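Working notes, structure below.
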Ligand SMILES: [Fe+2]
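In the numbering used here, the protein residues as written are 189 to 607.
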């Protein structure tokens, strides 16, 4: 084979191996080191070092060093003027005799002492990325023009690899910053929602914490229905805000220590539509939120308000908030009535299944309750909301099991306590 052909094959093979090395390695410094070793190996060069240029600090930081002794510096200063000079000499396609001109001038003596023969700046799109410093070939032969071409090509590859890596790193950092910003905004949104929930509940002295609890029950039901984490978070917020329309209702009507009359009731009943008006212009992360507030007093049988919707016309989210709202109303003391026992509540739910409440939503609430009573769910979420002992009545489990199998005959038999 002609020498020229052999040389070309050698060059192509070296470049191909290098390309693969750069593409495959995910560890950046390892990628640089092994690519650099390939560069040295391609011409049997014994000593070499590769530095990355850090413009902000005006330094060349060595990330690979093979064969140069311990006295070799870990980093070198490289002033802006010197960078300009390197970029200039490279742009002129420096002739072989000028190659040593690529050595940083103020470090020339030191590098000469170390036996640096050749200096190749890594330049990508007019930016200095780093510098490759090489000792002589093991054979003692001088570098030929072809050698320098090969080294230049390989150095360009490494330079592009470093640049790409740094760009990706910067991009990841930007993405992380955006993520943090987004998380911050999300937290502000949640805190604002909680502040509103507190404002709503403060207006109603008899139902302290009602909005918070409706949010939590809604989340428990949606979770049981298999909603995603984001959707559960959305419906919890709908629960926190469902009564926001009460902010425009007279405080005396909300706090009346008696059953209110028809006129007062009419004013109170405006709160779901008012809530919708308040929430609708706001851009929420959860699109259905305003409608969930509007429809939390709708009934499956069409006898609810404000729109008198029926069945599927009411979104599942609104049906969940409706049940959570009534469940909290039944399980907390009101000015005109004590809270009911849980067995009474379950009987009420059974009576109203398909009329006021969606049977599948009732089932989900009952299943979540049953899981906690039977210890399948370790979190004491209902117990925290309902107080000690409230759900631990021996009559409860059979009632829940019976209600679930009546409303959802497809469900797995529950008698053994398995869900
Ligand atoms: Fe309400």
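Here a beta-carbon is modelled for each residue, glycine too, at the ideal position from N, C-alpha and C.
Just so it is clear, the structure is predicted and the values come from calculations on it, not from any experiment.
Checklist entry - In this structure, does DSSP put residue 578 in helix, strand or coil? => result Translated into positions along the chain shown, residue 578 becomes position 390. Here DSSP, grouped into helix, strand and coil, assigns residue 578 to coil.
Checklist entry - Cα separation between residue 526 and residue 471? => result Walking along the chain shown from the start, residue 526 turns up at place 338. Walking along the chain shown from the start, residue 471 turns up at place 283. Each residue's Cα considered, the two are about 39 Å apart.
Checklist entry - Quick one: what's got a C-beta closer than 8 Å to residue 601's C-beta in the same chain, skipping five residues either side? => result Here the question's residue 601 lines up with position 413 in the chain shown. Legend: pLDDT at residue 601 = 47, less than 50; position of this residue unreliable, no value from coordinates given.
Next on the checklist: Is the beta carbon of residue 480 closer than 7 Å to that of residue 426?
Outcome noted: Position 238 of the chain shown holds residue 426. Position 292 of the chain shown holds residue 480. Result yes, Cβ atoms of residue 426 and residue 480 sit closer than 7 Å.
Checklist entry - For the putative contact between residue 233 and residue 326, defined by C-beta atoms under 8 Å, what is the C-beta separation to the nearest angstrom? => result As a first step, residue 233 must be located in the chain shown, where it is residue number 45. As a first step, residue 326 must be located in the chain shown, where it is residue number 138. Confirmed, Cβ separation roughly 7 Å.
Item to check | Minimum length 3: unbroken beta strand (DSSP E) runs contained in the segment 281–363 | outcome: Note on the segment 281–363: whole beta strand (DSSP E) runs with a minimum of 3 residues are 306–312 and 315–322, in chain order.
Checklist entry - Run through DSSP, which three-state label would residue 395 get? => result Counting from 1 along the chain shown, the entry for residue 395 is found at position 207. Judged by DSSP in its simplified three-state form, residue 395 adopts helix.
Next on the checklist: If I follow the unbroken alpha helix (DSSP H) through residue 236, where does it start and stop?
Outcome noted: Counting from 1 along the chain shown, the entry for residue 236 is found at position 48. Careful: residue 236 lies outside any alpha helix (DSSP H), inside the beta strand (DSSP E) at 236–242.
Checklist entry - Can you tell me whether DSSP reads residue 475 as helix, strand or coil? => result Translated into positions along the chain shown, residue 475 becomes position 287. For residue 475, the secondary structure class from DSSP, reduced to helix, strand or coil, is coil.
Item to check | Rounded straight-line distance, which links the Cα of residue 560 to that of residue 573 | outcome: Here residue 573 is taken as the residue at index 385 of the chain shown, counted from 1. Here residue 560 is taken as the residue at index 372 of the chain shown, counted from 1. Going from the Cα of residue 573 to the Cα of residue 560 covers about 12 Å.
Item to check | Cβ-Cβ separation, residue 348 to residue 312 (assumed contact under 8 Å), whole Å | outcome: Here residue 312 refers to the residue found at position 124 of the chain shown. Here residue 348 refers to the residue found at position 160 of the chain shown. The Cβ separation is near 6 Å, so the contact holds.
Checklist entry - Beta-carbon separation of residue 530 and residue 579 under 7 Å? => result Taking the chain shown and counting its residues from 1, the one referred to as residue 530 is at position 342. Taking the chain shown and counting its residues from 1, the one referred to as residue 579 is at position 391. Result yes, Cβ atoms of residue 530 and residue 579 sit closer than 7 Å.
Checklist entry - Which residues does DSSP pair with residue 482 in a beta bridge? => result Here residue 482 corresponds to residue number 294 of the chain shown, with the count starting at 1. Residue 482 is not bridged by DSSP to any residue.
Next on the checklist: Which complete beta strand (DSSP E) runs does the segment 412–446 hold, if anything under 3 residues is left out?
Outcome noted: Annotation note: the segment 412–446 contains no uninterrupted beta strand (DSSP E) run of length 3 or greater.
Next on the checklist: With a threshold of 8 Å on Cβ separation, who are the neighbours of residue 520 within its own chain once the five nearest residues in sequence on each side are excluded?
Outcome noted: Your numbering for residue 520 matches position 332 in the chain shown. The answer, listed in chain order, is 395, 398, 401 and 527.
Item to check | Same chain only: Cβ atoms within 7 Å of residue 266, ignoring 5 sequence neighbours per side | outcome: Start at 1 with the first residue of the chain shown, and residue 266 comes out as number 78. Only 241, 246, 247, 248 and 292 meet the Cβ criterion.
Checklist entry - Could you give the distance in angstroms between the alpha-carbon of residue 379 and the alpha-carbon of residue 350? => result In the chain shown, residue 379 corresponds to position 191, counting from 1. In the chain shown, residue 350 corresponds to position 162, counting from 1. C-alpha separation (whole angstroms): 43 Å.
Next on the checklist: Assuming the contact rule is C-beta atoms closer than 8 Å, residue 409 and residue 511 should be a hit. Round their C-beta distance to whole Å, please.
Outcome noted: In the chain shown, counting from the first residue as 1, residue 409 sits at position 221. In the chain shown, counting from the first residue as 1, residue 511 sits at position 323. Correct: roughly 7 Å between the Cβ atoms.
Checklist entry - What span of residues does the beta strand (DSSP E) with residue 250 cover, start to end? => result Within the chain shown, residue 250 is the residue found at index 62, counting from 1. Secondary structure note for residue 250: its beta strand (DSSP E) is the uninterrupted segment 247–254.
Next on the checklist: For a test of your reading of the model: does the CB of residue 431 fall under 6 Å from any non-hydrogen atom of ligand 1? Yes or no.
Outcome noted: As a working note, residue 431 is residue 243 in the chain shown. Yes, since a heavy atom of ligand 1 falls inside the 6 Å radius drawn around the Cβ of residue 431.
Item to check | Close beta carbons around residue 466, own chain, < 6 Å, minus the five adjacent residues each side | outcome: Within the chain shown, numbered from 1, the residue matching residue 466 stands at position 278. Within the same chain, residue 466 has close Cβ partners 432.
Next on the checklist: Taking the alpha carbon of residue 391 as the reference point, which residue from 444, 406 and 422 has its own alpha carbon closest?
Outcome noted: The count along the chain shown starts at 1 and reaches residue 391 at position 203. Considering only alpha carbons, the answer is 444.
Checklist entry - Buried or exposed: residue 436, going by 16 or more other Cβ atoms within 10 Å of its Cβ? => result As a working mapping, residue 436 is identified with position 248 in the chain shown. So residue 436 ends up on the exposed side.
Checklist entry - Should residue 156 go down as buried or exposed, given a rule of 16 or more other Cβ atoms within 10 Å for buried? => result In the structure as shown, the chain begins at 189 and stops at 607. Residue 156 is therefore absent and cannot be evaluated.
Next on the checklist: In the DSSP output, what is residue 522 paired with across the bridge?
Outcome noted: Stepping through the chain shown from its first residue, residue 522 is reached at position 334. Paired residue(s): 525.
Item to check | C-beta contact flag for residue 497 and residue 554 at 7 Å | outcome: Here residue 497 corresponds to residue number 309 of the chain shown, with the count starting at 1. Here residue 554 corresponds to residue number 366 of the chain shown, with the count starting at 1. At least 7 Å separates the beta-carbon of residue 497 from that of residue 554.
Next on the checklist: Please list the terminal residues of the continuous alpha helix (DSSP H) segment that includes residue 548.
Outcome noted: On the chain shown, position 360 is the one that residue 548 refers to. Taken as a continuous stretch (DSSP letters only), the alpha helix (DSSP H) holding residue 548 covers 547–561.
Next on the checklist: Could you check whether residue 447 and residue 464 sit closer than 7 Å to each other, using their CB atoms as the reference points?
Outcome noted: Here residue 464 corresponds to residue number 276 of the chain shown, with the count starting at 1. Here residue 447 corresponds to residue number 259 of the chain shown, with the count starting at 1. Not closer than 7 Å, so no.
Next on the checklist: Can you find the residues in the same chain that come closer than 8 Å, C-beta to C-beta, to residue 536, ignoring five residues on each side of it along the sequence?
Outcome noted: Residue numbering aside, residue 536 sits at position 348 when the chain shown is read from its first letter. Excluding sequence neighbours, residue 536 sits near 518 and 528.
Checklist entry - What's the gap between the Cα of residue 365 and the Cα of residue 371? => result Within the chain shown, numbered from 1, the residue matching residue 365 stands at position 177. Within the chain shown, numbered from 1, the residue matching residue 371 stands at position 183. Counting only the Cα atoms, residue 371 lies some 10 Å from residue 365.
Checklist entry - By Cβ distance below 6 Å, which residues in the same chain neighbour residue 256 in space, the five residues on each side in sequence not counted? => result Numbered from its first residue, the chain shown carries residue 256 at position 68. When the five nearest sequence neighbours on each side are left out, the beta carbons in the same chain lying within less than 6 Å of the beta carbon of residue 256 are those of 235, 237 and 302, in order along the chain.
Next on the checklist: For a test of the three-state rule: what should DSSP assign to residue 531, helix, strand or coil?
Outcome noted: The sequence position of residue 531 within the chain shown is 343, counting from 1. Shown here, residue 531 sits in a helix according to DSSP, grouped into three states.
Checklist entry - What alpha helix (DSSP H) runs, 4 residues minimum, are completely inside the segment 494–519? => result Whole alpha helix (DSSP H) segments, 4+ residues: 504–518.
Checklist entry - What number of angstroms, rounded off, separates the C-alpha of residue 516 from the C-alpha of residue 495? => result By 1-based counting over the chain shown, the position of residue 516 is 328. By 1-based counting over the chain shown, the position of residue 495 is 307. If you draw a straight line from the Cα of residue 516 to the Cα of residue 495, it comes to about 23 Å.
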